[in-house]
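Asks:
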């Protein structure tokens, strides 16, 4: 942990703050005069039974009892159960400004994921939440301190359609133009998940045409139409399993390619890939390779600062493609 | 004073304040909160140490979001302190659907009579559940704790657990994620406007350097957390990727004093707007025209980032500040997107193409 030492008053205040927040969450749920199992209540509170009992004991084990306290709150604790009667704290506390700000950050992202026509409901949800906060002068200081931004790239309509289909378990008819394809193809897919990775949105779907799981970049989907036909996502589906290292890439039947990155750009690549550079500052990495066209695009984005070392066929393809580009470059638009 | 006593005292103080709808004086509170009246008999003056404890308690409760009002001059004998039930307790939250309105049972106790009811519609619930899901995925434990706390309060009345589809989208974190402890430290400094000393790894020069900064905001953009802050020595606002901040510590520990003010014209949302690599940098942008020569998915998606040029369906115009970055981006389309003007962009593209081809000669 960085930062100056926390002074003792502050440390005590933080401990007490955690206890108070926990109490204000718990009492509304417990104060029904019924017995509640301590372990279950602790689980709901996200704490240990021991910490929970310590909080409750702190309220009942006193040398002095505040005026009206006995009438206001009684707590019975035995080894396994707790029973609370209370006149106070029977409702949760209003939302705090920091809670609202945290949700607002999520709402910013949720808004960007929706088509323009569906965005007003995000604003109305935020307005509703604002009515539920505690109003303090210090609230103003907490606004606009955090924001969240995500690339839209015109994908929100498709994203909305894919997510509706996912929610309803309905198949989709996609017109998809792959990165290197000059024409779109039509596919029937069962969407299993959507994910934002490396700056782009993807639909992860079982493609009937390919008979397997595929990643569809949303900015390459030309149309998405929900069908009546239903599907069930396999229980064994796991996003973590299909997005190894956070990369949207289907490694089925993949070969490999070896790429050298110059010292000029290697630091960025090493940081992104979690790799270590050579002594001369360059980086050589092996990437899974399922699609040569993807490989061409990947390596050319770095210009002369990246070079495919292996396989030789890919080097030959790049040499041909670069020669064609040079020949074609002089052609101007009529 | 151990934390249990502080916790007890806060609870006692809150109960006392909530009991007095019209507010009460410190003298009243000293009678009702045992920790303030300990060892004191009627007629004794309240010790200054107790008054100081009360002042700290007030500040602490306010920092926890308790709407504690001071009625009258701070510190005067007849000053009253108040926490109104309606300002403290969550309103009743109802769900209005086409089939009717689901309202939670009201508490049968006069303390809660003033609570009003807020109506939510199902789509708002979905948006809130989605928001919670997204915020939880941003890799900041402090943020996640706030979300959990908020959702638990809302779920007291609203069927948030049954909102389907809120977690259909996943934000896949980058390998080099921000250190939660650094995020927490920056968040706290930001909230209290405290100067921060950071040790930052500048990836361009591959060096660590120490800087003192005034945090203006934290923004999450396309997978990464950034700190927007004014570098005191450079007297300029800079963005620091949080995952590259090695150390962050406040210059001083006094949270009560604010070290700086964020300029009124600083707009974090605008500042954080996602930019393409070629849009970054200072100076005027030049307009580059690109011809889309192939209809591949990659080229067509790229075309959406530019604007049309008249009626020419295969031309797009881009604002470019970094010509080298733009030329490399165009290279990645392997001849599918080619610059046609201005000459500076065309020449840079040609230069990079030639240098790249030389690697495979």
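Protein chains in written order, with my numbering: chain A, 162 to 495; chain B, 385 to 745. Just so you know, even glycine gets a beta-carbon here, dropped at the ideal spot from N, CA and C.
So the candidates are B:410, B:680 and B:500; which of them puts its Cα closest to the Cα of residue 436 (chain B)?
Replies: B:410
Asks: Provide the residue(s) that pair with residue 501 (chain B) in DSSP beta bridges, ordered along the chain.
Replies: B:476
Asks: State yes or no: is the beta carbon of residue 340 (chain A) nearer than 9 Å to at least one beta carbon in chain B?
Replies: Yes, residue 340 (chain A) lies at the interface with chain B (some Cβ there is under 9 Å from its Cβ).
Asks: With DSSP as the reference, identify every bridge partner of residue 297 (chain A), one or two as the case may be.
Replies: Partner(s): none; residue 297 (chain A) has no beta bridge.
Asks: Who pairs with residue 434 (chain B) in a beta bridge, going by DSSP?
Replies: In DSSP, residue 434 (chain B) forms no bridge with anything.
Asks: Could you name the residues of chain B that residue 285 (chain A) contacts, counting a contact when the two beta carbons are closer than 7 Å?
Replies: 508
Asks: List the DSSP bridge partners of residue 197 (chain A).
Replies: A:243
Asks: Please report whether the beta-carbon of residue 575 (chain A) lies at a distance below 9 Å from any beta-carbon of chain B.
Replies: The requested residue 575 (chain A) does not occur in the structure, where chain A is confined to residues 162 to 495.
Asks: Classify residue 608 (chain B) as buried or exposed, calling it buried when 16 or more other Cβ atoms lie within 10 Å of its own Cβ.
Replies: buried
Asks: So, using beta-carbon positions, are residue 438 (chain B) and residue 413 (chain B) closer together than 9 Å?
Replies: yes
Asks: Since residue 615 (chain B) sits in a beta bridge, which residues does DSSP pair it with?
Replies: According to DSSP, residue 615 (chain B) shares a beta bridge with B:597 and B:620.
Asks: Among B:529, B:572, B:557 and B:460, which residue has its Cα nearest to the Cα of residue 401 (chain A)?
Replies: B:557
Asks: Keeping to the same chain, check which residues put their C-beta closer than 7 Å to that of residue 199 (chain A); ignore five residues upstream and five downstream.
Replies: Excluding residues within five positions, the ones whose Cβ falls inside 7 Å are 210, 213, 214, 241, 242 and 243.
Asks: How far does the beta strand (DSSP E) with residue 234 (chain A) in it reach, from first residue to last?
Replies: 234 to 238
Asks: Would you say residue 629 (chain B) and residue 583 (chain B) are within 9 Å of each other, going by their C-beta atoms?
Replies: The answer is yes: Cβ separation under 9 Å.
Asks: When Cβ atoms are compared, which residues of the segment 372 to 406 of chain A fall closer than 8 Å to chain D?
Replies: The structure shown contains no chain D; its protein chains are A and B.
Asks: Closer than 8 Å, Cβ to any Cβ of chain A: which residues of the segment 655 to 684 of chain B, in chain order?
Replies: 656, 657, 658, 675, 677, 678, 679, 680, 681, 682 and 684
Asks: Excluding the 5 residues preceding and the 5 following residue 249 (chain A) in the sequence, name in chain order all residues of the same chain whose CB lies nearer than 7 Å to its CB.
Replies: 233 and 234
Asks: State buried or exposed for residue 740 (chain B), treating a residue as buried only when at least 16 other CB atoms are found within 10 Å of its CB.
Replies: Flag for residue 740 (chain B) reads buried.
Asks: Using the Cα positions of residue 501 (chain B) and residue 706 (chain B), report the straight-line distance between them to the nearest angstrom.
Replies: 54 Å
Asks: Which bits of chain B does residue 305 (chain A) rub up against, with CB to CB less than 9 Å?
Replies: Those are 601, 646, 650, 651, 652 and 653, listed as they occur along chain B.
Asks: Flag this pair as yes or no: are the beta carbons of residue 579 (chain B) and residue 636 (chain B) separated by less than 9 Å?
Replies: yes
Asks: On a Cα-Cα basis, can you pick out the residue from B:496, B:591 and B:449 that is closest to residue 251 (chain A)?
Replies: Nearest C-alpha to residue 251 (chain A): B:496.
Asks: Kindly indicate which residue of A:443, A:274 and A:292 has the alpha-carbon position closest to the one of residue 476 (chain B).
Replies: A:292
Asks: Is the beta carbon of residue 715 (chain B) closer than 9 Å to that of residue 486 (chain A)?
Replies: yes
Asks: Taking the straight line between their C-alpha atoms, what separation do you get for residue 404 (chain A) and residue 376 (chain A)?
Replies: Between residue 404 (chain A) and residue 376 (chain A), the C-alpha separation is close to 10 Å.
Asks: How about residue 724 (chain B) and residue 264 (chain A): do their beta carbons lie closer than 9 Å?
Replies: no
Asks: Check the Cβ of residue 317 (chain A) against every Cβ in chain B and list those closer than 8 Å, keeping chain order.
Replies: By Cβ distance, chain B contributes nothing, its closest Cβ being about 11 Å from residue 317 (chain A), past 8 Å.
Asks: Take residue 390 (chain A) as the anchor and find which of A:281, A:421, A:359 and A:349 has the nearest alpha-carbon.
Replies: A:349
Asks: Within a Cβ cutoff of 7 Å, which residues of the same chain sit near residue 454 (chain B), ignoring the five residues on either side of it in sequence?
Replies: 463 and 465
Asks: Using the three-state DSSP reduction, which class does residue 634 (chain B) fall into: helix, strand or coil?
Replies: strand
Asks: Apart from the five residues on each side of it in sequence, which residues of its chain come closer than 6 Å, Cβ to Cβ, to residue 197 (chain A)?
Replies: 191 and 243
Asks: Any C-beta of chain A within less than 8 Å: which residues of the segment 550 to 564 of chain B qualify?
Replies: 552, 553, 554, 555, 556, 557, 558, 559 and 560
Asks: Do you know whose CA, among B:639, B:617 and B:566, lies nearest residue 627 (chain B)'s CA?
Replies: B:566
Asks: In this structure, what does DSSP give as the bridge partners for residue 421 (chain A)?
Replies: For residue 421 (chain A), which the question treats as bridged, DSSP gives the partners A:445 and A:468.
Asks: Quick check: what's the CA-CA separation for residue 469 (chain B) versus residue 295 (chain A)?
Replies: 11 Å
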